[in-house]
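The next block holds one structure in the form of structure tokens; read it before the comments.
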Amino acid sequence: LPTDFDWRDHGAVTAVKDQGSCGSCWSFSTTGSLEGAHYLATGELVSLSEQQLVDCDHECDPEEYGSCDAGCDGGLMNNAFEYALKVGGVQKEKDYPYTGTNGVCKFDKSKIAASVSNFSVVSIDEDQIAANLVKYGPLAVGINAAWMQTYIGGVSCPYICGKHLDHGVLLVGYGAAGYAPIRLKEKPYWIIKNSWGENWGENGYYKICRGHNVCGVASMVSTVTAAHVTPQ
Amino acid sequence: STESFIEQVSDDPLIRQVVSDSVEAVDQLLHAEHHFSLFKAKYGKTYDTQEEHDYRFSVFKSNLRRAKRNQLLDPSAVHGVTRFSDLTPDEFEKSYLGLHKRRLKLPVDAHKAPDLPTNN
Numbered sequence: 019l020p021t022d023f024d025w026r027d028h029g030a031v032t033a034v035k036d037q038g039s040c041g042s043c044w045s046f047s048t049t050g051s052l053e054g055a056h057y058l059a060t061g062e063l064v065s066l067s068e069q070q071l072v073d074c075d076h077e078c079d080p081e082e083y084g085s086c087d088a089g090c091d092g093g094l095m096n097n098a099f100e101y102a103l104k105v106g107g108v109q110k111e112k113d114y115p116y117t118g119t120n121g122v123c124k125f126d127k128s129k130i131a132a133s134v135s136n137f138s139v140v141s142i143d144e145d146q147i148a149a150n151l152v153k154y155g156p157l158a159v160g161i162n163a164a165w166m167q168t169y170i171g172g173v174s175c176p177y178i179c180g181k182h183l184d185h186g187v188l189l190v191g192y193g194a195a196g197y198a199p200i201r202l203k204e205k206p207y208w209i210i211k212n213s214w215g216e217n218w219g220e221n222g223y224y225k226i227c228r229g230h231n232v233c234g235v236a237s238m239v240s241t242v243t244a245a246h247v248t249p250q
Numbered sequence: 012s013t014e015s016f017i018e019q020v021s022d023d024p025l026i027r028q029v030v031s032d033s034v035e036a037v038d039q040l041l042h043a044e045h046h047f048s049l050f051k052a053k054y055g056k057t058y059d060t061q062e063e064h065d066y067r068f069s070v071f072k073s074n075l076r077r078a079k080r081n082q083l084l085d086p087s088a089v090h091g092v093t094r095f096s097d098l099t100p101d102e103f104e105k106s107y108l109g110l111h112k113r114r115l116k117l118p119v120d121a122h123k124a125p126d127l128p129t130n131n
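Heads up: the sequence lines are chains W and B, in that order. Residue numbering for the first sequence follows our numbering, starting at 19 and increasing by one per position. Residue numbering for the second sequence follows our numbering, starting at 12 and increasing by one per position.
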């Protein structure tokens, strides 16, 4: 495994987006992972539509009544991958732009830009997460966002952080050691793309220390593999 | 435990300048008002009524204290005023998070990724 790795350096990550005041983080985590997988499968980096997932994906976990994707009221990346598998794929952002509110589904099957061929769940082992990241592209992860409301930069490594997950983000890379601006402390860290715009965190990104499932970051990790789609 | 932890961490042994509480309180208020003005300008924040403005300022002061506490408990990061500093933690969670919080269960098509070699 390389000591440092960042999919942004390999052209597999689109620009930072902004979910606005809508609980649709799960859809950004899903599209970010599929954008990376599609890039690895086709060499084409294309921004995919979160609004299609917000409006159209109401996939439920068949084993748990009531745990369905619900647009601005929350969802789960694995349910969203399941939805994308079933309907054939996801449209481009520009064909189905983001509004940040729950709307009527306007999915157009003829405009599918990327398709899911399968998705997997990675074990809590952080070396396995790094290996899957390098092999399959950016990963959809859940995290506890308690410390993110006041985060400005550096490597976050709170002494106390719950592991119940309440936010969906995208794991795009990792670093061997990060110096925090205030204190010179070396911390190996994950590089996380968030969906709160570029003027939050480090240009829209969050760094959290690696190795102890801090804030639950290693406990809900999914990889997705994209199918080759003949461009429409 | 968090509170007692903060007392330990923030009760530093250095001799502090002794000022009367009221002077310090005024100073802190001026400090908070200055930060709030910068915050409103930077993020283009406006509030419909004076009541709403005063309420948001009180939330902002509370978040300043939270950022200070977070800095103590998360020293390798930088914490401070962000675009969410006029939101209560509940408002922030409702509006900007959105992961269904429930027992981790997986849809029928999900399967466990095979272990990959991680050395060499």
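Idealized CB from N, CA, C, for every residue including glycine.
The alpha carbon of W:D79 has as its nearest neighbour, out of W:G93, W:L189, W:I147, W:M238, the alpha carbon of W:G93. Against W:P115, chain B offers no close residue; the least beta-carbon distance is about 19 Å (beta-carbon pairs closer than 9 Å). Only residues of its own chain outside the window of five on either side were considered, and among them C123, F125 have a CB closer than 6 Å to the CB of W:C74, listed in chain order. Within chain W, not a single residue places a beta-carbon under 7 Å from that of B:H46; the smallest gap is close to 13 Å. Comparing alpha-carbon positions, the option among W:S45, W:T60, W:G89, W:G160 lying closest to W:K181 turns out to be W:G160.
With 16 or more neighbouring CB atoms inside 10 Å of its own CB, W:I209 falls in the buried class.
Bridge pairing for W:L66: W:K110 [DSSP]. Taken in chain order, the complete beta strand (DSSP E) segments of 3 residues or longer contained in the region 49 to 122 of chain B are 88 to 90. Counting the other Cβ atoms within 10 Å of the Cβ of W:S128 gives fewer than 16, which makes it exposed. The C-beta of W:T21 has fewer than 16 other C-beta atoms within 10 Å across all chains shown, which makes the residue exposed. Taking a beta-carbon distance threshold of 8 Å, W:V140 counts as an interface residue toward chain B. Inclusion of B:N130 and W:T168 in the CB contact set at 8 Å is not warranted, their separation being larger than that value. The way I'd put it, the region 101 to 112 of chain W doesn't touch the region 148 to 155 of chain W; fewer than three beta-carbon pairs between them come closer than 8 Å. Assignment of beta-bridge partners to W:G191 by DSSP yields W:D24, W:I209. A distance of 8 Å or more separates the beta carbons of B:H64 and W:I170.
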